[in-house]
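Numbering (our numbering), first residue to last: 25 to 439.
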């Protein structure tokens, strides 16, 4: 690929060592763009902002990473767990992250004179910061939407919804280009904002990074959380009562247990990074499957990836609330070439992508989950050969690379 000598300012709240779900997208863009000749300057949050960290990551000496203070209102600014909700405007970190990032960002503009600015949401303050920095020197700006802003498919209250909508409209108006992680989210914005979006929009999906799978070959053996005597179904990531609800899976397991089609000696469901499971303790006991389900503490990304490779099958939950979104881990799941149990409505963005490939068992209702889970367990353990090149992180980074180059070319024509 042709190398170039251009500077990009990345405004991203989450960046390593954060162990957040958005980090693989951001970090892979950063790494590949540097490889292709971009001088990438990162404006991100201070490390104390992150609840979950992957301490295996270390900034390299040549990295241009600048961290601005970002305090989490509930964790850092509460008194005995209490705080004024008005401090969470436009989000939990904005009170400190916005002024500190703007202060540092203005210095970075003077020092590095970036050719393009890139920011990624849905944390509203990130696009707000990028919009302010872009307006100082009329720097071209690409606004990336990993997910839609919350008001597009829910509500955080009238005041926050109004503020988020205002930030969103300013972003859509001022950004030179808009990128969306799924076709469905792009269409959601097109339907609501029309030509404001249509003239600028493109889709850059998430993906898997082959280099991470190569790293697994070089790592020392990681102890497995799975029993060698059981069929192990693995779920990596967070759960929500509304949006990622595992209860239909639990009920399906209970029915199969009562029918003698699985037992605690032959089957286990392992959640990692989903908390302690206390909120599900009662329902698990009622269903009689407490001994079949484990909740484990989160681990660094590569450790989780190793677990994905070592289980028998993988579980993905993406409910109706997130019909237009695709969790980034689906791409890693597919790349493992393992069997997948996907709980998501028929026709959702997640189901549409997953169902294109062999070894994927889709369900949504309890009865569908029972059938799919039983078929999953019955099938012999074997790997698939899914052709996934179009979903590589390198391919997605190249799309961003080309978008940024186009903006630089336009800017040069106008100067």
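Idealized CB from N, CA, C, for every residue including glycine.
Remember, predicted model here, so these are calculated numbers, not experimental data.
With contact counted as at least three CB pairs below 8 Å, one residue from each stretch, are the stretch 163 to 172 and the stretch 401 to 413 in contact? no
Going by beta-carbon coordinates alone, are residue 344 and residue 322 separated by less than 7 Å? no
Assuming residue 256 is part of the beta strand (DSSP E), what are its boundary residues? 255 to 260
Whole-number beta carbon distance between residue 298 and residue 262, since they are thought to touch under 8 Å: 6 Å
Residue 65 and residue 136: beta carbons closer than 7 Å? yes
Starting from the N-terminal side, write out each stretch of the beta strand (DSSP E) that is 3 residues or longer and does not extend beyond the stretch 173 to 224. 201 to 204
Tell me the rounded alpha-carbon separation between residue 213 and residue 364. 30 Å
Please give the ranges of any beta strand (DSSP E) in the stretch 368 to 434, keeping only runs that are unbroken, at least 3 residues long and fully inside the region. 384 to 387
Count the other CB atoms, across all protein chains shown, that sit within 10 Å of the CB of residue 348; report buried if there are 16 or more and exposed otherwise. buried
On a Cα-Cα basis, can you pick out the residue from 86, 80, 70, 103 that is closest to residue 94? 70
Does the Cβ-Cβ distance between residue 114 and residue 148 come in under 7 Å? yes
With distances taken Cα to Cα, identify the nearest neighbour of residue 176 among 158, 203, 209, 221. 209
What is the DSSP secondary structure of residue 121, counted as helix, strand or coil? helix
On the criterion of 16 or more Cβ atoms from any shown chain inside 10 Å, does residue 290 qualify as buried, or is it exposed? exposed
Taking all protein chains shown into account, do 16 or more other C-beta atoms lie within 10 angstroms of the C-beta of residue 97, making it buried, or fewer, making it exposed? buried
Which runs of the alpha helix (DSSP H) spanning at least 4 residues fall entirely within the stretch 72 to 105, listed in chain order? 97 to 100
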